[in-house]
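Engineer: Below are the C-alpha cells for one structure; questions will follow.
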Amino acid sequence: MYTMSEVTKLPIANPTGNLIAESAPLDETPERASLTVRMVTLVTIIVPLLGVVVAPCLVWGWGFGWTDLGLLLGMYVLSSLGVTAGFHRLFVHRSFEAYMWVKLFGPSSAQWPCRDRCFSGSLCTVAITSTATPLVHHVTWSVNSCHLWGLHPYKSDDQSRNNFVFGILALGEGWHNNHHAFLTSARHGLRWWQIDVSYWVLRTMALLGLAWNAKIPSKQAQEKMSLFKAT
Ligand SMILES: [Zn+2]
Ligand SMILES: [Zn+2]
C-alpha cells in the first residue's frame, strides 16, 4: 500500500524518469513496407470502420438512435481508456503509478494477458463496456498501421510513424513514433497539437491524487532523439 506522502508526489511530469529511449538503436531504420502491403492494410482498416458508420445510418430511427449512439461512444471511450491508459501505459510500460484499486478498473476490453492481472475487476469493466469491444479492438490493432503512414520525427529502430487519424481515434496511441522513441513515456502526444486524450485523463487522475510518478521525456531527451535538428 502507498502512503499519503507518496500520493502528493505531483506533478505528473517526471523528466528524470528512466526512459528507455536512452538505449534505443538510433541510426538505422528498416525498409518501408511495399505500396501493395500499405494499400491492402488500408482497405482492411477502412472497410470495417465504414461499416460502423454506414450500418447505423441505414437503420437510423427504428434500429438505432441517439441513445444507442451515446452508449456506443461512451462505452468506446471508457473501454479504450482501459486499453490505452490501463493496459498499455500502466501495465505494459509502467509509465506511471497508481493505487491497486485504480488498476483493477484499468485493463478492460479483454486484451489479456498481462503481467499483473486482476481478473475480477477486469471482468467487471469488460461487462460494462463489452458492446464497444469489437470496435475498440479494431482501432487499437489498427494502430499498427502507424508503421505505414504518417511522420517519423524521432529516431527509432523501426518505421513507426505519428498518424493524426489514429492519434484521435485511439485516444493518443496514434502518436506511435513518439511512443517508440520514448517507450516508457506516459505522454504520447508530445506537442500541444498532438491530441492525447489518454494523457489528459492521466493528468486529471494525477490532480485527484490517483496517479503519480509518470515518466515524461525532458526537452533535452526529445532534442537528442529528434530527426529535425534546429540550425
Ligand atoms: Zn507500447
Ligand atoms: Zn509499433
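My numbering puts the first residue of the sequence shown at 3, with every later residue one more than the last. Idealized CB from N, CA, C, for every residue including glycine.
Flag Asn-239 as yes when its Cβ comes closer than 7 Å to any non-hydrogen atom of ligand 2, and as no otherwise.
Structural biologist: Nothing about residue 239 can be reported from this structure: the residues present for the chain run from 3 to 233 only.
Engineer: Spatial neighbours of His-149 within its chain, please: CB distance less than 8 Å, with the 5 preceding and 5 following residues excluded, ordered by chain position.
Structural biologist: Closer than 8 Å at Cβ, skipping near neighbours: Ala-35, Asp-160, Gln-161, Ser-162, Arg-163, His-178.
Engineer: On the DSSP letters alone, give me the boundaries of the alpha helix (DSSP H) that Trp-202 sits inside.
Structural biologist: 199 to 209
Engineer: Below 8 Å on the Cβ atoms is my guess for Pro-50 versus His-139; work out the distance and round it to an integer in Å.
Structural biologist: With 8 Å as the limit, Pro-50 and His-139 do not qualify as a contact, their Cβ atoms being about 10 Å apart.
Engineer: Counting only the same chain and skipping the five closest in sequence on each side, list residues whose C-beta sits under 6 Å from that of Ser-82.
Structural biologist: The beta carbon of Ser-82 sits closer than 6 Å to the beta carbons of Val-138, Leu-173 from its chain, once the five residues preceding and following it are set aside; these are given in chain order.
Engineer: Is it the case that the CB of Asn-180 approaches a heavy atom of ligand 2 more closely than 7 Å?
Structural biologist: no
Engineer: Whose C-beta lies closer than 7 Å to the C-beta of Arg-189 among residues of the same chain, with five residues either side of it excluded?
Structural biologist: Asp-198, Tyr-201, Ile-218
Engineer: Can you tell me where the alpha helix (DSSP H) holding Ser-144 begins and where it ends?
Structural biologist: 135 to 144
Engineer: Would you check whether ligand 2 has a heavy atom nearer than 7 Å to the C-beta of Asn-146?
Structural biologist: yes
Engineer: Considering only C-alpha positions, which residue in the set Met-207, Gly-152, Val-39 is nearest to Gly-88?
Structural biologist: Minimum Cα distance to Gly-88 is reached at Met-207.
Engineer: Applying the criterion that 16 or more other CB atoms from any shown protein chain within 10 Å of the CB defines a buried residue, is Val-85 buried or exposed?
Structural biologist: Val-85 sits buried, since 16 or more C-beta atoms from the chains shown fall within 10 Å of its C-beta.
Engineer: Where Ser-97 and Gly-63 are concerned, what is the direct C-alpha to C-alpha distance, given to the nearest angstrom?
Structural biologist: 44 Å
Engineer: Which residues bound the alpha helix (DSSP H) around Ser-81?
Structural biologist: 68 to 83
Engineer: Skipping 5 residues on each side, what residues in its chain have a beta carbon closer than 8 Å to that of Leu-125?
Structural biologist: Note on Leu-125: pLDDT 48, under 50, position unreliable in the model; the coordinate value appears next. Taken in chain order, the list of residues that qualify is empty.
Engineer: Compute the minimum distance between the beta carbon of Leu-83 and the heavy atoms of ligand 1, and state whether it is under 7 Å.
Structural biologist: no
Engineer: Do Gly-176 and Val-203 have their CB atoms nearer than 8 Å?
Structural biologist: No; because the gap between Cβ atoms is not below 8 Å, this pair is not in contact.
Engineer: Within 10 angstroms of the Cβ of Met-227, are there 16 or more other Cβ atoms? Answer buried if so, exposed if not.
Structural biologist: buried
Engineer: Would you report the Cα separation of Lys-157 and Ala-183, rounded to the nearest angstrom?
Structural biologist: 6 Å
Engineer: Measuring only between beta-carbons, confirm whether Val-138 sits less than 8 Å from chain C.
Structural biologist: In the structure shown, chain C does not exist; there is a single protein chain.
Engineer: Please determine, among Trp-68, Thr-186, Ile-47, the residue with the shortest C-alpha to C-alpha distance to Arg-91.
Structural biologist: Thr-186
Engineer: Taking 8 Å as the cut-off, decide whether the C-beta atoms of Gly-171 and Tyr-101 are in contact.
Structural biologist: A quick correction: the sequence has Leu, not Gly, at residue 171. Their beta carbons are not under 8 Å apart, which means Leu-171 does not touch Tyr-101 by this criterion.
Engineer: Closest to Val-79 by C-alpha separation, out of Leu-229, Pro-136, Trp-214, Trp-151, would be which residue?
Structural biologist: Pro-136
Engineer: If you check the beta carbons only, do Gly-152 and Gln-196 fall under 8 Å apart?
Structural biologist: The Cβ atoms of Gly-152 and Gln-196 do not sit closer than 8 Å to each other.
Engineer: At the level of alpha carbons, what is the spacing between Trp-194 and Arg-205?
Structural biologist: 14 Å
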